[in-house]
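Numbering (UniProt numbering), first residue to last: 1 to 714.
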């Protein structure tokens, strides 16, 4: 990397970058470019007869690709955004397979004096074709041009920025208005992304659980669904499917194909379908051909109603998030004295290695560089069939080696096989009673696509940002889920951090008038908040217990603040409609065997959609066992829980504060995962040393107004 040089002045928010390069796949801009374009992306391996069939896709659009107008619009929107935030850095477009070619654009920037460029690929997700190939092509361009004093830094995949969630959620809600009135049960949301070969899937992400290509999509879909559910008042069941599968029929790719999936819906009672292409940022050929034409024909043949949600495109929230991401990376480089901090690299590139098999410094196997006027390229690295190929995941691009052959990631946050367990897990928690919740660094395992269960409240989903904070050494590692943020374990352990769990039943019907109810809820919350506690969540217990309707989870740095919050709440207008059922106080104490283990509620982990709460008491002999035996059993317990990184645990001490020793909470986006974890943990030896672990209070996390509207009203 080059040294930091404030090329454009101290007030330039993108300093030290001299230009922003939007890097895209490219597409033909006229009929004469269609077949040369297809020959280029197929590497000369596809028969002309097959290319003629694919060319028909572009012929329907006058020989042009929709990706060009989409990229031009994004380019202009980003320029306007950056100018509005005080940047005068040029924003340009460079394509890998179409004009303007990446090499020509880079050369032009160099001649204009640019020496450090920030490259933003138009793919939101991490895979070889959508991420690492852009890094490789930039390296190849610089090597071919001989610009040894020029640096191109790449922006990491941006699927987790809040604006991308917002754009897709609003597009989905708009699409609901374009289908006939249909019940939630008879409506299906079909999130669609580009299929990729399984070896490419296995080599995606950082290697940590929950960071791969599929997991990224599942997490985004969960956030979009939760945003829709909160704003729209409901969300149909959703699934993630794939389009644009190509290659040899014997090669395994991600499934199910969108058309195969659609054919299963009539038997499930589905009447209306909304296709949501969340895997694509713009309406390029994969979207307009594979969805607007082929999938639409399948839906019509099945007799279903269909609407297709728009892509993020130039949605203001999405563009704003991209601008913030660019400025954030520039600021990080300035703070690091000109060095690009490793935390800002894509997870697959950290530690100087690229998963999928190439050292960052290896220039020995760089791809060919295309420029205006070049002849058709040499053959590609493997044979494949062709489809329309506008997206970052062109089916005719070279596929990286399987994960088993890929270079291991070397990242600051990687924990070795013999290391102690990570924060959020229960591997070495003193109580050893809860489920998993391994480190937030492990990311989120895919939420089951068989249900609409999703992430945390909308404020967490739509306003989330990518966390890049570093922490000190230890088994605690930095979160990768954008809902979460990093903390310093030693600071948490030194602090006095308390929680109160209070359960109530509606004993007097709430006001029937909506305005009066809203005023009652708002006033009561504001009055209770004056005591200084924070509310982690309101949980609707209705239907899961006959004796309780609400659990409120408060946290504070002072036990007295929690007690005062309780007093205020039960004495408020809303509190007078409620009867207390159960309440307990607990405090975080450093774990006996692993001081870096933290309860998720104090480890920077955002609330999840569902939670179960229960007290816990060990048998009397547990504390008299040899410490080595207790450690061994807790480790077995933790290994069982570690298989469920999507479930987050908080274990707090309650000795002498009530009738229990510990209060435990498990949080997950899918309530079925709470069931799975608790069942799995029945099979460990530490279970023999449990005396009490009831009552259970389980509910969905909802905003107070939603909870109130669901209750008995006069």
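We put the beta carbon where it would ideally sit given N, CA and C, even for glycine. A quick note: this is a predicted structure, and the numbers were derived from the prediction, not measured.
- Residue 16 is not a Cβ neighbour of residue 287, given a cutoff of 8 Å.
- A distance below 8 Å separates the beta carbons of residue 686 and residue 634.
- In the displayed model, residue 235 falls within coil according to three-state DSSP, outside both helix and strand.
- For residue 621, the three-state secondary structure derived from DSSP is coil.
- Going by C-alpha positions, residue 64 is about 17 Å away from residue 293.
- Secondary structure note for residue 485: it is in no beta strand (DSSP E), with a DSSP letter that is neither H nor E.
- Listed in chain order, the non-local C-beta contacts of residue 243 below 6 Å within the same chain comprise 192, 258 and 290, local neighbours out to five positions each way being set aside.
- The count of Cβ pairs closer than 8 Å, one atom from the stretch 152-172 and one from the stretch 314-327, reaches three, so the stretches are in contact.
- Counting only the Cα atoms, residue 183 lies some 36 Å from residue 695.
- Residue 674 is positioned such that its CB atom lies no closer than 8 Å to that of residue 651.
- Its Cα nearest to that of residue 653, the residue 662 stands out among 515, 662 and 261.
- Under DSSP, residue 179 shares a beta bridge with no residue.
- Distance from the Cα of residue 239 is smallest, within the candidate group 649, 278, 619 and 343, for 278.
- Between the stretch 483-500 and the stretch 546-565 there are three or more C-beta pairs closer than 8 Å, enough to call the two in contact.
- The beta carbons of residue 217 and residue 128 sit no closer together than 8 Å.
- The beta strand (DSSP E) runs of length 3 or more contained entirely in the stretch 242-284 are, from start to end of the chain, 272-276.
- Counting only the Cα atoms, residue 198 lies some 5 Å from residue 253.
- Of 110, 601, 528 and 304, the smallest CA-CA separation from residue 704 is found for 528.
- Listed as beta-bridge partners of residue 23 by DSSP are 94 and 121.
- With contacts defined as CB atoms closer than 8 Å, residue 215 and residue 121 fail to qualify as a contacting pair.
- In the three-state reduction of the DSSP assignment, residue 660 falls in the coil class.
- Note: residue 501 is bridge-paired with 553 and 584 in the DSSP secondary-structure output.
- Cβ-Cβ distances below 8 Å link residue 153 to 1, 17, 116, 117, 118, 119, 329, 333 and 340 in the same chain, with the five nearest sequence neighbours on each side left out; the list follows chain order.
- Annotated three-state conformation of residue 64 is strand, per DSSP.
- Residue 152 has 117 as its beta-bridge partners, per DSSP.
- The alpha-carbon separation between residue 677 and residue 601 amounts to approximately 18 Å.
- Distance between residue 321 and residue 514, taken at the CA atoms: about 36 Å.
- Judged by DSSP secondary structure, residue 652 falls within the beta strand (DSSP E) whose first and last residues are 648-653.
- Listed in chain order, the non-local C-beta contacts of residue 224 below 7 Å within the same chain comprise 165, 168, 169, 172 and 278, local neighbours out to five positions each way being set aside.
- When Cβ pairs closer than 8 Å are counted between the two stretches, the stretch 613-627 is seen not to touch the stretch 564-581, the count staying below three.
- Apart from the 5 residues on each side of it in sequence, residue 620 sits with its Cβ closer than 8 Å to the Cβ of 691 in its chain, given in chain order.
- In the structure shown, residue 30 falls within a coil segment according to DSSP collapsed to helix, strand and coil.
- DSSP, read as helix, strand or coil, puts residue 144 in helix.
- By the neighbour-count criterion, in which a residue is buried when 16 or more other Cβ atoms sit within 10 angstroms of its Cβ, residue 11 is exposed.
- Relative to the Cα of residue 178, the nearest Cα in the group 143, 272, 61 and 151 belongs to 272.
- Ranked by how close their Cα comes to the Cα of residue 323, the residues 532, 636, 150 and 158 have 158 in first place.
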